[in-house]
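Asker: Chains as they are written, first to last, in the working numbering: chain U, 230 to 476; chain P, 2 to 102; chain A, -19 to 179. Let me begin by handing over the structure; questions about it come next.
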């Protein structure tokens, strides 16, 4: 199987750039999409992420990685940040980070968890919670390039209030999309609330799809095990773990 | 009541890709490793990464052995690769096509 | 210096005259581990001091709990710059464990379930400066913080207070442990900011 080549950077170490918040919108009651202008942005591949570096006035500094949610679009990128109750960075990005203000940013990062539009293999996307973010970048890129590669999305969230990009996902006619709920499902749902099972994944009719799984570590491990029990070969599975996330 | 398995806390090698840009101009998440403990081969992106205080530890997903460790001081970046037989990176040729192995 | 992010403050952190240089106070107790939390069953747990001649002194869990316990209240300082003051522990002084051990060794290599190691001079484990602790803040030491038992040696950076401790190897020469072999300081005095080798 041909592997995507590793891209060489032409210059030295990946530089920290200054990005500015040009727009923001609430994605759910507890998440916010940030639209950043990044001068000199070299472009990105769907699935990649950026590191943000935040520094307080006393020079205390922290870094966090965020998947890019947008398809390539010049020097603009979008991130969707989930508010974590005991988080150190997310409360700032969701509540306080103001339009026009700068943030240091490094990227794009990561050449493994990416989708190449030139790859004609069908794709199965499995996202848990905020794990949908790099997957929406892949979906948006697919639409932007006019790809007709068969795609399927399984998106697991706790409750209907936690669904990111709902209109966009449910309006997507040529991507078979299933949103499943682990804590409480809508009244008209045919599936009871509960975690992802092998039945939800089912089989695939023709060619083995390339699977992308992203979300909290526990979710990714469980979903990977389910794919293995369904005889998906490990070499067709790519994963990105966001660390502990609760159920 | 069934006993809950504790929520796994590790990340994966995608989390190291940013910090390792200090050392590599190629994308390291895609690089292949071979665990010296059990022989399991996988990409750096598939290793289990523990962000300890002093540094990052990337472990084999099969045997949990240490594959690589990374420390960043204010002046130095230190990468310990003793846990892998090699770090293997596929390069582009001059024409931009994947290199032949 | 990195660009200041307007409005960003980060986790609550304070200062105090009791802090070594470069440290700040935190209110939580960060969990930082070099690997998965080992699953150690108490009936199989053992702590062993092995001298440089190879002779072993070993305690089971019940044996450890039967020893006289102390309740040190100490300040702890992590190399990543957070500190906590007046942390409360219960455990057995290393002086008690070393009482029957004959040795001429000057150095110790601390060994742990899961494979972690750290080194320090034997003298820094003695004279009331170190314990094997099994309770923190009034309850059994949680596994994520090193339970069932960890080393506590608070006058050095906290990476020396090894979690999931299972033994001490006494050695005539200093042998670098897990982080010391990767650029961290063999001694690690927070008051002299000995974070990295050569500091």
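Note that beta-carbon positions come from the ideal geometry of N, C-alpha and C, so glycine has one too.
(1) At least one CB of chain P closer than 8 Å to the CB of residue 92 (chain A): is that the case?
(2) Which residues, taken in chain order from the segment 448 to 474 of chain U, show a beta carbon closer than 7 Å to some beta carbon of chain C?
(3) Should the segment 343 to 356 of chain U be regarded as contacting the segment 250 to 267 of chain U, the criterion being three or more beta carbon pairs within less than 8 Å?
(4) For a quick check, are the C-beta atoms of residue 1 (chain P) and residue 51 (chain P) less than 8 Å apart?
(5) For residue 349 (chain U) and chain A, any beta-carbon pair shorter than 8 Å?
(6) Rounded to the nearest angstrom, what separates residue 75 (chain A) and residue 56 (chain A) at their Cα positions?
(7) Relative to the C-alpha of residue -7 (chain A), which residue among U:299, U:342, U:317 and U:332 is closest?
(8) Do the segment 324 to 337 of chain U and the segment 418 to 429 of chain U touch if we need at least three Cβ pairs shorter than 8 Å?
(9) Is residue 341 (chain U) close to chain P? Criterion is C-beta to C-beta, closer than 8 Å.
(10) Go through its chain and collect everything with a Cβ distance to residue 346 (chain U)'s Cβ below 6 Å, but skip five positions before and after it.
(11) State the DSSP-derived secondary structure class of residue 412 (chain U), mapped to helix, strand or coil.
(12) Which residue from U:444, U:459 and U:466 puts its Cα closest to that of residue 12 (chain P)?
(13) Quick check on residue 469 (chain U): buried or exposed, where buried means 16 or more other Cβ atoms within 10 Å of its Cβ?
(14) Between the segment 385 to 412 of chain U and chain A, which residues of the former have a C-beta closer than 7 Å to a C-beta of the latter?
(15) Check whether the Cβ of residue 310 (chain U) lies closer than 8 Å to any Cβ atom in chain A.
(16) Between the beta-carbon of residue 2 (chain A) and the beta-carbon of residue 91 (chain A), is there less than 8 Å?
(17) CB residue 54 (chain P) to CB residue 70 (chain P), shorter than 8 Å?
(18) Give every residue of the same chain whose Cβ lies closer than 8 Å to the Cβ of residue 338 (chain U), excluding the five residues on either side of it in the sequence, and list them in chain order.
(19) Please tell me whether residue 32 (chain P) and residue 15 (chain P) are closer than 8 Å, where the distance is taken between their beta carbons.
(20) Would you say residue 49 (chain A) lies against chain P (beta-carbon separation less than 8 Å)?
(21) According to DSSP, is residue 243 (chain U) helix, strand or coil?
(22) Can you tell me whether DSSP reads residue 161 (chain A) as helix, strand or coil?
(23) Just the chain U side, please: which residues come within less than 9 Å of residue 158 (chain A) by C-beta, in chain order?
(24) So residue -13 (chain A) is in the beta strand (DSSP E); what residue range does that whole segment cover?
(25) Determine, for residue 540 (chain U), whether the minimum Cβ-Cβ distance to residues of chain P falls below 8 Å.
(26) If you follow the alpha helix (DSSP H) that residue 81 (chain P) is part of, which residue opens it and which one closes it?
(27) By the three-class DSSP mapping on this structure, what secondary structure does residue 325 (chain U) have?
(28) Residue 10 (chain P) lies in the alpha helix (DSSP H); which residues open and close that run?
(29) Who are the near neighbours of residue 365 (chain U) in its chain, counting only those whose CB is closer than 6 Å to its CB and skipping five residues on each side?
(30) By Cβ distance, which residues of its chain are closer than 6 Å to residue 9 (chain P), with the 5 residues on each side in sequence left out?
(31) Note down, in chain order, all residues in the segment 49 to 63 of chain P with a beta-carbon under 7 Å from any beta-carbon belonging to chain U.
(32) In whole angstroms, give me the CA-to-CA distance for residue 379 (chain U) and residue 178 (chain A).
(33) Which residues, taken in chain order from the segment 256 to 290 of chain U, show a beta carbon closer than 8 Å to some beta carbon of chain A?
(34) Report yes or no: do three or more beta-carbon pairs, one from the segment -19 to -11 of chain A and one from the segment 57 to 75 of chain A, lie closer than 8 Å?
(35) Going along the chain, which residues of its own chain have a beta-carbon closer than 8 Å to the beta-carbon of residue 115 (chain A), five neighbours each way excluded?
(36) What residue from A:-12, A:175, A:169 and A:166 has the CA that sits closest to residue 325 (chain U)'s CA?
Answerer: The answer reads as follows:
(1) no
(2) No chain C appears in the structure shown, which is made up of the protein chains U, P and A.
(3) no
(4) The shown model of chain P, from 2 to 102, leaves out residue 1 (chain P), and the question about it has no answer.
(5) no
(6) 20 Å
(7) U:317
(8) no
(9) yes
(10) 374 and 376
(11) coil
(12) U:444
(13) buried
(14) none
(15) no
(16) no
(17) no
(18) 243, 277, 278, 279, 280 and 294
(19) no
(20) no
(21) coil
(22) helix
(23) Neighbours of residue 158 (chain A) on chain U: none; closest Cβ ~22 Å, over 9 Å.
(24) Per DSSP, residue -13 (chain A) belongs to no beta strand (DSSP E) and is neither H nor E.
(25) Here chain U comprises residues numbered 230 to 476, so residue 540 (chain U) is not present and cannot be evaluated.
(26) Element bounds for residue 81 (chain P): not the alpha helix (DSSP H) but the beta strand (DSSP E), 78 to 81.
(27) helix
(28) That residue, residue 10 (chain P), is in no alpha helix (DSSP H); it is neither H nor E in DSSP.
(29) 298 and 394
(30) none
(31) none
(32) 57 Å
(33) 282, 283, 284, 285, 286, 288, 289 and 290
(34) no
(35) 69, 70, 71 and 121
(36) A:-12
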